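Here's the structure we're looking at; comments come further down.
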Amino acid sequence: MRGQRLRPRYRRGPFSLMERKALKVAVASGKGGTGKSCVAASLLVTIPGLLGADVDVEEPNLALLLGAEAYASSLVETPWPVIDDGLCDRCGECVRACRFGALYMFGGASPSPNDLCHGCGVCSMVCPKKAISETGRPVGEVRLCRKGDLEIFEGRLRVGMPNPVPVIGAAIEAALAEGRDLVIDSPPGTSCPMVSAVRKADVVVLVTEPTPFGYADLDLALQVIRDLGLPAMTVINRADLGEADIEGLSGRYGVPVAARLPFSRTVAESYAIGDPPALIDPDWREAMVGIWDRARKVAGR
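Residue numbers (the working numbering): 74 to 374.
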């Protein structure tokens, strides 16, 4: 993330280095609609002192759900190639070197970059005429949102941008700089955005539902978490509305089930009007405390 930090890092007291390390918990899911953001929001309103990071950057809704207002922002930019027509001899070395197919060259024209560019800089390295320089291309922003004592770093991808990963990384780095216990609301799915969101977490909480789709997508998510070597636990939402063997699947990966949350019309109604279930349902509050305590033990905090 280029530009100034959203705010200076606070200065800690003389004994702060002896304190425990901050706990970073990513809340993820193999598919959308399982209640991932619902669990993340409920953790934030239940456990005192937590910091939030909403890195579902294509459709962030954690601040909206919690009624937090943005009061600071920072632009996120990625490197973008600029080709000097006067120096370029149209040799095509840059086009051949780009592994993402992000440079086009037609006829006798100079190469032209497209939205597949990842900003890796290889094109400028291989250009024999040194005709390629780089500039910053805005791809999104990180906003700092607040409601009372609750703060959330929110990543927002600029409309039309195809690659959310730089914005995800910028939002997480901004949140990590605070040095506080952190809840990361990850993008759904199992592709690059999800991997970028969870890779720096101490523990991953996978929210699922006992349906065929929930089972299949949880299987994929568990494979990803296993390959990343991250500790994980499963939360079964709407646990009484399906028959898929989520416990058995989690057990095959050595992942414990941290909570089973039954369907509740009251919970559904509260969430529909923007209230996290933990604010109105004592069972949800108890479950969130249990999830956080287990995450702390798994991470050795």
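C-beta atoms are modelled at their ideal positions from N, C-alpha and C, and glycine is treated no differently. Only a predicted model underlies this, so the values are computations on that prediction, with no experimental measurement involved.
- Under the DSSP definition of a beta bridge, Asn310 partners with Leu334.
- Check the Cα spacing between Arg272 and each of Ala204, Glu227 and Leu301: the tightest is with Leu301.
- Buried is the label assigned to Thr119, since at least 16 other Cβ atoms lie within 10 Å of its Cβ.
- Ranked by how close their Cα comes to the Cα of Pro350, the residues Ala113, Gly105, Glu251 and Lys104 have Ala113 in first place.
- By the criterion of a C-beta distance shorter than 6 angstroms, Gly140 is surrounded in its chain by Lys220, once the five residues flanking it on both sides are discounted.
- In this model, Pro260 and Pro184 are separated by some 34 angstroms (Cα to Cα).
- By the Cβ-count criterion, Met267 is buried, with 16 or more other Cβ atoms from all chains shown falling within 10 Å of its own Cβ.
- Under the Cβ criterion (8 angstroms, minimum of three pairs), the segment 159-174 does not count as touching the segment 215-235.
- Per DSSP, Ala99 lies in no alpha helix (DSSP H); the unbroken beta strand (DSSP E) holding it starts and ends at Lys97 to Ala101.
- Taking all protein chains shown into account, Leu160 has fewer than 16 neighbouring C-beta atoms within 10 Å of its C-beta and is therefore exposed.
- When C-beta atoms of the segment 362-373 are compared with those of the segment 304-319, three or more pairs fall below 8 angstroms, so the two segments count as touching.
- When Leu96, Val199, Gly324 and Ala126 are compared, the shortest CA-CA separation from Leu217 is found for Ala126.
- The segment 190-197 and the segment 170-180 touch, with no fewer than 3 CB-CB distances between them shorter than 8 angstroms.
- The residue among Leu148, Asn134 and Ser147 with its C-alpha nearest the C-alpha of Gly106 is Asn134.
- Nearest to Arg169 by alpha-carbon distance, out of Cys200, His191 and Glu142, is Cys200.
- Membership of Ile257 in the beta strand (DSSP E) is indicated by the continuous run Leu255 to Asp258.
- The count of Cβ pairs closer than 8 angstroms, one atom from the segment 281-297 and one from the segment 245-258, stays below three, leaving the stretches out of contact.
- Ser264 is classed as exposed because its beta carbon has fewer than 16 other beta carbons within 10 Å across all chains shown.
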